[in-house]
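In the working numbering, the protein residues as written are 6 to 295.
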């Protein structure tokens with residue numbers, strides 16, 4: 006994604022410089038735009054954002070290309086509220102422009118980072134309906150899934166993550182989708198184990214309470230009283246059975262706790278491996294872009 010945007014920035018710069026040769030432009034406007042492009046290509050997003058915003062105040066630079074570069078720089082700089090505002094400006098003033106799908110996509114992402122998950126889902130869903138063959142389609146599905154995930158709607162998110170992995174295995178978001186699938190699976194396993202742990206713990210406490218109650222009754226029985234020997238013997242057997250049940254439940258609770266800890270450790274190891282693979286893939290993409 007970064008490499009493609011950088012290539013786009015270079016192309017935009019070339020277009021604007023060509024246009025500047027045909028139309029009169031202020032030195033200040035040209036200088037601001039040149040500084041913005043240079044900062045953009047070097048990954049200095051904050052400087053690019055400042056320079057491109059300044060450049061766009063000059064009529065010769067207030068183009069769809071410049072505005073989209075400004076939006077991209079704002080997204081990379083984390084200025085999401087500003088990005089939304091500039092997306093709205095683009096969509097008002099450059100309707101039908103070639104970058105309109107990208108602007109809509111970036112606006113959906115900006116809403117996600119602002120915590121406006123419902124707006125993000127609605128906007129990116131519209132993107133997917135309008136641009137089913139677009140190169141950012143899989144990425145849009147991913148951010149819709151991320152919005153569901155952030156809102157604890159794991160079932161809806163899981164469907165989209167699986168779709169990305171199955172239908173777009175070579176997409177840059179496929180690795181991240183795999184990580185989310187594993188995270189949701191681990192969460193499901195943990196929830197089941199916690200449920201069993203809770204139920205087993207409740208049964209253990211109930212059995213322990215009953216055992217202590219029976220033990221107290223046994224201690225208060227006078228064995229020398231008439232007819233009490235059999236009652237005492239029965240209570241003793243019952244106490245022994247309760248003690249055995251307590252031991253079994255205690256062992257079961259310990260086993261569940263150990264299993265839960267082992268699954269957490271295994272999941273963490275898998276996530277670390279996936280992250281390492283993702284970093285390797287990103288490094289290869291960067292090398293290819295240079």
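All C-beta atoms in this analysis are idealised placements derived from N, C-alpha and C, irrespective of residue type, glycine included.
Cβ shell of residue i (< 6 angstroms), same chain only, five flanking positions each side left out
| i | result |
| --- | --- |
| residue 159 | 189 |
| residue 256 | none |
| residue 323 | Residue 323 is absent from the structure shown; the chain starts at 6 and stops at 295. |
| residue 125 | 113, 116, 117 and 152 |
| residue 176 | 143 |
| residue 129 | 113, 145, 148 and 149 |
| residue 267 | none |
Same chain only: Cβ atoms within 7 angstroms of residue i, ignoring 5 sequence neighbours per side
| i | result |
| --- | --- |
| residue 44 | 52, 53 and 56 |
| residue 139 | 106 |
| residue 101 | none |
Nonlocal neighbours in the same chain, by C-beta distance under 8 angstroms from residue i, ignoring five residues either side
| i | result |
| --- | --- |
| residue 133 | 142, 145, 146 and 149 |
| residue 131 | 109 |
| residue 192 | 159 |
| residue 253 | none |
Cβ-Cβ distance between residue i and residue j below 8 angstroms
| i | j | result |
| --- | --- | --- |
| residue 34 | residue 73 | no |
| residue 115 | residue 88 | yes |
| residue 67 | residue 79 | no |
| residue 99 | residue 69 | yes |
| residue 85 | residue 119 | yes |
Spatial distance of residue i from residue j (CA atoms)
| i | j | result |
| --- | --- | --- |
| residue 27 | residue 173 | Any reading at residue 27 needs caution, since the residue's pLDDT is 43, under 50, leaving its predicted position unreliable; the model's value is listed next. Going from the Cα of residue 27 to the Cα of residue 173 covers about 43 angstroms. |
| residue 94 | residue 61 | 12 angstroms |
| residue 197 | residue 262 | 12 angstroms |
| residue 151 | residue 59 | 34 angstroms |
| residue 96 | residue 163 | 32 angstroms |
| residue 202 | residue 103 | 57 angstroms |
| residue 183 | residue 136 | 24 angstroms |
| residue 111 | residue 76 | 8 angstroms |
| residue 155 | residue 122 | 8 angstroms |
| residue 194 | residue 170 | 21 angstroms |
| residue 32 | residue 161 | 53 angstroms |
| residue 271 | residue 168 | 25 angstroms |
| residue 48 | residue 40 | 12 angstroms |
| residue 71 | residue 181 | 31 angstroms |
| residue 178 | residue 259 | 39 angstroms |
| residue 36 | residue 42 | 10 angstroms |
| residue 228 | residue 246 | With a pLDDT of 48 at residue 228, under the threshold of 50, the modelled position of this residue cannot be trusted, and the question is left open. |
| residue 157 | residue 50 | 32 angstroms |
| residue 242 | residue 249 | 11 angstroms |
Residue i: CB within 7 angstroms of a non-hydrogen atom of the ligand MG
| i | result |
| --- | --- |
| residue 93 | In the structure shown, the ligand MG is absent, as is every other ligand, since no ligand is present at all. |
Enumerated in chain order, which unbroken segments of the alpha helix (DSSP H) with a length of 4 residues or greater are wholly contained in the segment 149-210?
-> With a minimum length of 4 residues, the unbroken runs of alpha helix (DSSP H) contained wholly in the segment 149-210 fall at 159-172.
Which runs of the alpha helix (DSSP H) fall wholly inside the segment 64-116 and span at least 4 residues, in chain order?
-> For secondary structure counted as the alpha helix (DSSP H) over 4 or more consecutive residues, the segment 64-116 holds these complete runs in sequence order: 69-82 and 85-98.
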